[in-house]
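Top to bottom, those sequences are chains A, B, C and D.
Be aware that the first sequence starts at 1, since it is given in the UniProt record's numbering, and climbs by one per residue.
Be aware that the second sequence starts at 1, since it is given in the UniProt record's numbering, and climbs by one per residue.
Be aware that the third sequence starts at 1, since it is given in the UniProt record's numbering, and climbs by one per residue.
Be aware that the fourth sequence starts at 1, since it is given in the UniProt record's numbering, and climbs by one per residue.
Ideal Cβ placement from N, Cα and C applies to all residues, glycine included.
To keep things clear, I will list the structure first and then write my remarks on it.
Protein chains: 4
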Amino acid sequence: MTKTIAYGVDVQFGDCDPAGIVFFPNYSRWMDAASHHYFTACGLPPWRAMTDLPGCIGAPLLEIHTRFHTAASYGERIGIHTSVEEWRGKVFIQTHRVMRGDTLICEGRETRALCVKEDSGKLKAVVVPEFIRTACA
Amino acid sequence: MTKTIAYGVDVQFGDCDPAGIVFFPNYSRWMDAASHHYFTACGLPPWRAMTDLPGCIGAPLLEIHTRFHTAASYGERIGIHTSVEEWRGKVFIQTHRVMRGDTLICEGRETRALCVKEDSGKLKAVVVPEFIRTACA
Amino acid sequence: MTKTIAYGVDVQFGDCDPAGIVFFPNYSRWMDAASHHYFTACGLPPWRAMTDLPGCIGAPLLEIHTRFHTAASYGERIGIHTSVEEWRGKVFIQTHRVMRGDTLICEGRETRALCVKEDSGKLKAVVVPEFIRTACA
Amino acid sequence: MTKTIAYGVDVQFGDCDPAGIVFFPNYSRWMDAASHHYFTACGLPPWRAMTDLPGCIGAPLLEIHTRFHTAASYGERIGIHTSVEEWRGKVFIQTHRVMRGDTLICEGRETRALCVKEDSGKLKAVVVPEFIRTACA
């Protein structure tokens, strides 16, 4: 298992729908922010500045799976607890648990492929390098 | 199986990220729009106006699962092809295939629970009534 | 005066806030879409494909000014009526009237500068070429 | 003049457009969050919990005016510096200066009307009470 890193979000009025609760695509938005935050919090440079992996453009999504347990609303502080569940060659599974205190709001599981842009302009998935896995360990 | 209904989206500049492609939470946003559109296109009133199901507040999500096959960008027209895969008591599975012409961009599977607000103010899941299933058939 | 072009929007549940009305930044989002739509509806290519203006990256905003008259909600169809109020050298003023039938919801006035990317990578504002102004007339 | 309160934002990848810079409606979204944050940071309860002003629903916008000076991008930390420029009966002017360090990114000026919901369900603008102005002084 890797480190778990928390990313905090203050839920805003404008994040909520007419039912007064978070409009669910915002959770995907926050999980994406938490994914970026995770690697920099582990001490890595941002994807676009990762000189040890030239041409790196980040880790686009192949798949997301989210389960919603209860609702959150504005004025609340939530924490997104992120880790990497599995390194699988060119692909990795990142998981996010969205908590309000001890309450699990929702949980997401993202499948991402680490990609570089080749000289031709094409994207190519690459095996996650050892230095990235070590930083997250 | 139910009807399949298409909902069209013109992808905008502002829907895209620094990689020049649709930022993925927008797909969730469009699938939610397609979900609402589906039932009205089947001839049903909007959830909040569904007098045959008093107190109906709609069908909140329990779970989403999306697989991304290729990217879309601004200036493109995409269609979201929506149907109900299964009625399962108080819960139903709605699927969305996002197409650009013949190309499958991504596909989503949503698990939703049909809910009414009780006099106490609490939400309660209810069995999907026959008139809704008939309208979609 | 230029042509006026309408851009239609079906207001979605997720565009609305806990007060049940459109969360106002969405109007800016739709006005931006209407701005792009305006020029292509006038017969021009999209900014990034405008070969008669090499390096064109579009017309970034210098200023926006929006007045809100009444609210809109989901399930409603609104139209954004866009024109160019003034060509002013490298800058132009684009106006948007957001209507629901005969009701004026809000009106926006955007100041934009037409820009190209120079070989050095720097952005430079350029005088709006005659062929653009003619297409909109 | 009133207090000035800062609200911090970490700009995310998904907040940026294909030009790699913040898509401008996000500034409106952040200024709205900063507006809410301002009053609670001044020691007031959230609008919906303001028992000293029964029925308060907040302060909807009448007008916004934003000037953009330079761009911001993801990975950057920006601060939104908010104050109330003027109390004008039922209306007040709130200003936001968006800064990255010493650099002014953009500045917004919002005209808002303080509103309560009457028993009939209608909204009514009310004079900003003394206790609110005192809290912000």
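Is the Cβ of residue i closer than 7 Å to any Cβ of chain D?
i                 : result
Leu123 of chain C : no
Ala71 of chain A  : no
Pro45 of chain A  : no
Gly75 of chain B  : no
His65 of chain C  : yes
Leu104 of chain C : no
Leu114 of chain C : no
Could you give the residue range of the alpha helix (DSSP H) that holds residue i?
i                 : result
Thr132 of chain C : Sequence check: residue 132 of chain C is Ile here, not Thr. Here the alpha helix (DSSP H) through Ile132 of chain C covers Glu130 to Cys136.
Met31 of chain D  : Pro25 to Ala41
Cβ of residue i within 7 Å of Cβ of residue j?
i                 : j                 : result
Ala34 of chain B  : His96 of chain B  : yes
Gly30 of chain D  : Val11 of chain D  : What sits at residue 30 of chain D in the sequence shown is Trp, not Gly. No, Cβ-Cβ distance for Trp30 of chain D and Val11 of chain D is not below 7 Å.
Glu118 of chain C : Lys124 of chain C : yes
Tyr7 of chain D   : Ile80 of chain D  : yes
Gln112 of chain A : Ala59 of chain A  : It is worth fixing the name first, because residue 112 of chain A is Arg in this sequence and not Gln. Yes, these two residues count as a Cβ contact at 7 Å.
Val98 of chain B  : Ile78 of chain B  : yes
Arg48 of chain C  : Glu107 of chain C : no
Met50 of chain B  : Cys42 of chain B  : no
Ile5 of chain B   : Ser73 of chain B  : no
Pro45 of chain A  : Gly75 of chain D  : no
Trp87 of chain C  : Val128 of chain C : yes
Arg109 of chain C : His37 of chain C  : no
Val84 of chain C  : Thr134 of chain C : no
Pro54 of chain B  : Cys16 of chain D  : no
Ser28 of chain D  : Ser28 of chain C  : yes
Phe24 of chain D  : Leu61 of chain C  : yes
Could you spell out the range, first to last residue, of the beta strand (DSSP E) harbouring residue i?
i                 : result
Cys16 of chain D  : No beta strand (DSSP E) contains Cys16 of chain D, which DSSP labels as neither H nor E.
Ala113 of chain C : Thr103 to Ala113
Trp87 of chain B  : Arg77 to Arg88
Gly8 of chain A   : Ile5 to Asp10
Met50 of chain D  : That residue, Met50 of chain D, is in no beta strand (DSSP E); it is neither H nor E in DSSP.
Would residue i pass as an interface residue toward chain C - the criterion being a Cβ-Cβ separation below 7 Å?
i                : result
Asp32 of chain B : yes
Gly8 of chain A  : no
Gly20 of chain A : yes
Quick one: is residue i near chain B, going by C-beta distance under 7 Å?
i                : result
Cys16 of chain D : yes
Phe13 of chain C : yes
Arg88 of chain C : no
Arg29 of chain C : yes
Leu61 of chain A : yes
Determine, using beta carbons only, whether residue i comes closer than 7 Å to chain A.
i                : result
His36 of chain D : yes
Phe68 of chain C : no
Ile80 of chain B : no
Pro25 of chain B : yes
Per DSSP, which one or two residues make a beta bridge with residue i?
i                 : result
Lys117 of chain C : C:Leu123
Thr95 of chain B  : B:Ser83 and B:Arg109
Ile64 of chain A  : A:Glu110 and B:Thr66
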